[in-house]
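Colleague: Under numbering that gives the first Met the number 0, the first residue of the sequence shown carries the number 0, and numbering increases by one thereafter. My questions will all concern the structure given below.
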Amino acid sequence: MGEGLRERKKRETRRYIADMAMGLFMERGFDNVTVAEVARAADVSVNTVFNYFPTKEDLFADRQDEVVGHLAGVVRGRPQGESVVAAVRRDFLDALDTGDWRYGLHEGATEFSDVVEASPALQARFRLLHDLRENALLAALREEGGRDDPRDRVLASQLVAGTRALSAWGVSLLRAGEPLAAAAMRLRAEAARFFATLEPYGTAPKTRRGAPPAPSALPGNPDDGRASGNGPETS
0 MGEGLRERKK
10 RETRRYIADM
20 AMGLFMERGF
30 DNVTVAEVAR
40 AADVSVNTVF
50 NYFPTKEDLF
60 ADRQDEVVGH
70 LAGVVRGRPQ
80 GESVVAAVRR
90 DFLDALDTGD
100 WRYGLHEGAT
110 EFSDVVEASP
120 ALQARFRLLH
130 DLRENALLAA
140 LREEGGRDDP
150 RDRVLASQLV
160 AGTRALSAWG
170 VSLLRAGEPL
180 AAAAMRLRAE
190 AARFFATLEP
200 YGTAPKTRRG
210 APPAPSALPG
220 NPDDGRASGN
230 GPETS
C-alpha cells in the first residue's frame, strides 16, 4: 500500500525542519543554536519541533536510525556466497565511488565533523550511535550463525571501529587540503588493506537458502577487492 497524504506531509515536514536546523548548526555551531531559533527558521512552533525531534541532538542526527542499522542491513542483504567482510568492503568502496554520506567522506564532511567536534553533546551522541551500530551488526551476525560466537563480537567491533577510523582519516585528508577525489583514492587503498586483514577471521560466505546469488564480478580494479568476495587486496 502506498504512502498516504498524511504520512507524506509528516515526512516532508520532518525533513524540512531538519534541513533548516542543519543550516543553522553548520553556520553557527550546534551549541549556539536554540530549538526556538530552529522553529522560527522552519516557521513552526517549538512544540511542533519537539513532536518530530524529542531532543536537540535528534535534530542534528536526524538520520540516526539509518546510521545504526546500516551495516546490519548490508550483512543481511548480501548475496549468497559473499562473506561478511566482503559485503562491508563492497559497500564501503561503493560509498567512496559515489560520494555517499553513509561513511562520512563527502562534500561538506569537514564542516560536519567540525560541528560535531566542537560540541560535547554531539560527541556523546555519536559515541552512542557507534555503540548501537555495533550492537545491531552483532545481532545480525548472531542471527545468521544461530549461536553466541565470540568471534562475531570481535568482528562487529573491528568492522565498526575500522570503518569509523578510515572515515576519520579521510576527513583529516580533506582538512589538510586534499581534493575529495584524491582523498577517496588514498582511502580506497587503505581500506583495501584493512579489509584484507579481516577477511580470514570467521567470515564464512553466506549460504542461506533463498539468498540472491553473488555477482561473478563487480566493476573496478580486480585488486581492489570488489571483483572477488574472498581474494586479498593489494592496492
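For each residue, glycine too, the CB sits at the ideal point set by N, CA and C.
Taking the straight line between their C-alpha atoms, what separation do you get for Asp30 and Glu110?
Modeller: Straight-line Cα distance between these residues: approximately 15 Å.
Colleague: Of the choices Gln79, Tyr102 and Ala155, whose alpha-carbon is the least far from that of Asp90?
Modeller: Nearest C-alpha to Asp90: Tyr102.
Colleague: For Leu173, which residues of its own chain have a beta-carbon under 8 Å away from its beta-carbon, when the five flanking residues on both sides are left out?
Modeller: So the qualifying residues of the chain are Leu104, Ala108, Thr109, Leu179 and Ala182.
Colleague: Using only the alpha-carbon positions, how far apart do Glu170 and Asp99 sit?
Modeller: One detail in the question is off: residue 170 reads as Val in this sequence, not Glu. Roughly 14 Å separates the two Cα atoms.
Colleague: CB Asp64 to CB Ala17, shorter than 8 Å?
Modeller: The answer is no: Cβ separation not under 8 Å.
Colleague: Following the continuous alpha helix (DSSP H) through Trp168, name the residue where it begins and the one where it ends.
Modeller: Looking at the DSSP string, the run of the alpha helix (DSSP H) that includes Trp168 is Pro149 to Arg174.
Colleague: Suppose you measure from the CA of Val45 to the CA of Leu131; what does that come to, to the nearest Å?
Modeller: Distance between the alpha carbons of Val45 and Leu131: 29 Å.
Colleague: Go to Phe59, then tell me how far its alpha helix (DSSP H) extends in each direction, as first and last residue.
Modeller: That run of the alpha helix (DSSP H) goes Lys55 to Phe59.
Colleague: Between Ala85, Leu58 and Pro53, which lies nearest to Leu158 when the distance is taken from Cα to Cα?
Modeller: Minimum Cα distance to Leu158 is reached at Ala85.
Colleague: Between which two residues does the alpha helix (DSSP H) holding Asp113 run?
Modeller: First-last of the alpha helix (DSSP H) with Asp113: Ala108 to Glu116.
Colleague: I need the boundaries of the alpha helix (DSSP H) containing Gly144, first residue and last residue.
Modeller: Where Gly144 is concerned, the enclosing alpha helix (DSSP H) stretches over Pro119 to Gly144.
Colleague: In the DSSP assignment, the alpha helix (DSSP H) including Phe24 goes from what residue to what residue?
Modeller: Phe24 -> alpha helix (DSSP H) spans Leu4 to Arg27.
Colleague: State whether the region 31-38 contacts the region 120-128, with contact taken as three or more CB pairs (one from each stretch) at a distance under 8 Å.
Modeller: No contact exists between the region 31-38 and the region 120-128.
Colleague: Using CA coordinates, which residue listed in Arg152, Leu127, Arg13 and Val114 is at the minimum distance from Val83?
Modeller: Comparing Cα positions, the closest option is Arg152.
Colleague: Along the alpha helix (DSSP H) that carries Thr33, what are the first and last residues, could you check?
Modeller: Per DSSP, Thr33 belongs to no alpha helix (DSSP H) and is neither H nor E.
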